[in-house]
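A quick write-up on the structure given underneath.
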Amino acid sequence: FLYIHRSWERDKHSLGKILDYFRDLRHPCQILIFPEGTDFSPANKKRSDEYAAERHLERYDHVLHPKTTGFVFLAQRMRQNGQLDAVYDITVAYPKSLPQSEADMARGIFPEEVYFRVKRHALSSLPESDIELRHWLTELWRDKEEALRQFYAEYTSDSSSTKNLLHEFRHFGAHSSAVHHCRVGEPNLGSCCLPRAGCTCAAPPSNALYLALFSWTALSILTVCALAISPAARLWVAAHTALFVSLSIFTDGLQNFEVYLYRAKRALFRSTWLKRK
718 FLYIHRSWER
728 DKHSLGKILD
738 YFRDLRHPCQ
748 ILIFPEGTDF
758 SPANKKRSDE
768 YAAERHLERY
778 DHVLHPKTTG
788 FVFLAQRMRQ
798 NGQLDAVYDI
808 TVAYPKSLPQ
818 SEADMARGIF
828 PEEVYFRVKR
838 HALSSLPESD
848 IELRHWLTEL
858 WRDKEEALRQ
868 FYAEYTSDSS
878 STKNLLHEFR
888 HFGAHSSAVH
898 HCRVGEPNLG
908 SCCLPRAGCT
918 CAAPPSNALY
928 LALFSWTALS
938 ILTVCALAIS
948 PAARLWVAAH
958 TALFVSLSIF
968 TDGLQNFEVY
978 LYRAKRALFR
988 STWLKRK
């Protein structure tokens, strides 16, 4: 996880160090970023609408307006470092239930179906300048809003136009992008389709969910018992809590501490090598 402090000058420096660290290690990395910066909730929807009104932008019903600064910096830095091959644009649709909080999940509210639209944008297709990249991302979100609006409208319809929607999801920008959508549990991404288009998709792996519930519940119970009866367990938890709190207060996170140790090791090696030379 690339932790941020919501202070751009500080976050810019931290993100740059981590990307350069991966570059120096020649370690290929994939960065997952949510340009909206938060989840889609009524309160965040209201803030997004206010943001749009202040800047004379259109209001969205299915997505929040993206924050472009972080994306532009990551794209440009990774391009400069030779780390960027493509940007994958993932749009997720929940046509039925959608939990908005942990309380919803505790009540058993889970998505019965989840659809994905994945588009690949090659590096060569991305704009060069920061301003053009900002505009590109803004247009991408406008396309998401329209795609989701159409998806939800057609999903509840039994008309033949649903097949047209399916076709557009699969072949939108076919010469430069690969676009698919799939339901949870579908083993073949390319063959999945809307149920109203005449296909039957596999059921979600409910056994795995029950196994996860049992495992995490058992782990939680064992942890509480260990803390109640074992001084060693309490000492272990206290030591780790103190360590991570200290790292959060005095550093930019554990991952940046790793980068610091790597830089210090390289500097020491370089200094020793120059002395010998």
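Numbering (our numbering), first residue to last: 718 to 994. Yeah, the Cβ is synthetic: ideal placement off N, Cα and C, and Gly gets one too.
Exercise for review: Kindly indicate the opening and closing residues of the beta strand (DSSP E) around residue 832.
Suggested key: Taking the first residue of the sequence shown as position 1, residue 832 is located at position 115. Residue 832 -> beta strand (DSSP E) spans 832-839.
Check your understanding: Since residue 805 sits in a beta bridge, which residues does DSSP pair it with?
Key -> Residue 805 sits at position 88 when you count from the first residue of the sequence shown. As DSSP reads the structure, residue 805 sits in a beta bridge with 837.
Review point. At which residue ranges does the segment 779-826 contain complete alpha helix (DSSP H) runs of 4 or more residues, listed in the order of the chain?
Key: Counting only runs of at least 4 residues, the segment 779-826 fully encloses the following alpha helix (DSSP H) elements, listed from N- to C-terminal order: 785-797, 819-823.
Practice item. For residue 970, name the three-state secondary structure that DSSP assigns. Key: Position 253 of the sequence shown, counted from the first residue, corresponds to residue 970. In the three-state scheme derived from DSSP, where H, G and I count as helix and E and B as strand, residue 970 is classed as coil.
Review point. Alpha carbon to alpha carbon, how far is residue 722 from residue 728?
Key: Taking the first residue of the sequence shown as position 1, residue 722 is located at position 5. Taking the first residue of the sequence shown as position 1, residue 728 is located at position 11. The alpha-carbon separation between residue 722 and residue 728 amounts to approximately 6 Å.
Practice item. Compute the distance between the beta-carbons of residue 865 and residue 810, then report whether it is under 8 Å. Key: To locate residue 865, count along the sequence shown from 1; it is residue 148. To locate residue 810, count along the sequence shown from 1; it is residue 93. Their beta carbons are under 8 Å apart, which means residue 865 touches residue 810 by this criterion.
**Study point:** Of the listed residues 844, 974, 800, nearest to residue 742 (C-alpha basis)
**Key:** To locate residue 742, count along the sequence shown from 1; it is residue 25. Minimum Cα distance to residue 742 is reached at 800.
**Study point:** Sequence-distant residues of the same chain with beta carbon closer than 6 Å to residue 892, five excluded per side
**Key:** Sequence index remark: in the sequence shown, residue 892 carries index 175 (1-based). Note that residue 892 scores a pLDDT of 34, beneath 50, so its modelled location is shaky; the value from the coordinates is reported in the next line. Here the set comprises nothing.
Practice item. Inspect the CB distances between the segment 762-780 and the segment 815-833 and report whether three or more fall short of 8 Å. Key: No contact exists between the segment 762-780 and the segment 815-833.
Review point. Just how far apart, CA to CA, sit residue 979 and residue 988?
Key: Sequence index remark: in the sequence shown, residue 979 carries index 262 (1-based). Sequence index remark: in the sequence shown, residue 988 carries index 271 (1-based). Taking the straight line from one Cα to the other gives about 14 Å.
**Study point:** Cβ contact (3+ pairs, closer than 8 Å) linking the segment 775-787 and the segment 831-840
**Key:** No, because fewer than three Cβ pairs between the segment 775-787 and the segment 831-840 fall closer than 8 Å, the two stretches do not touch.
Check your understanding: Roughly how many angstroms lie between the CA atoms of residue 895 and residue 803, to the nearest whole one?
Key -> Start at 1 with the first residue of the sequence shown, and residue 895 comes out as number 178. Start at 1 with the first residue of the sequence shown, and residue 803 comes out as number 86. Low local confidence applies: a pLDDT of 40 at residue 895 is under 50, so the model's placement there is unreliable, with the coordinate-based value given in what follows. Whole-angstrom Cα-Cα distance: 12 Å.
Check your understanding: Where do the N-terminal and C-terminal ends of the alpha helix (DSSP H) with residue 852 fall, by residue?
Key -> As a position in the sequence shown, residue 852 is number 135, starting the count at 1. Per DSSP, residue 852 belongs to the alpha helix (DSSP H) from 847-872.
Practice item. Consult DSSP for residue 944 and reduce its assignment to one of helix, strand or coil. Key: Position 227 of the sequence shown, counting from 1, holds the residue named residue 944. Assigned with DSSP and collapsed to three states, residue 944 falls in helix.
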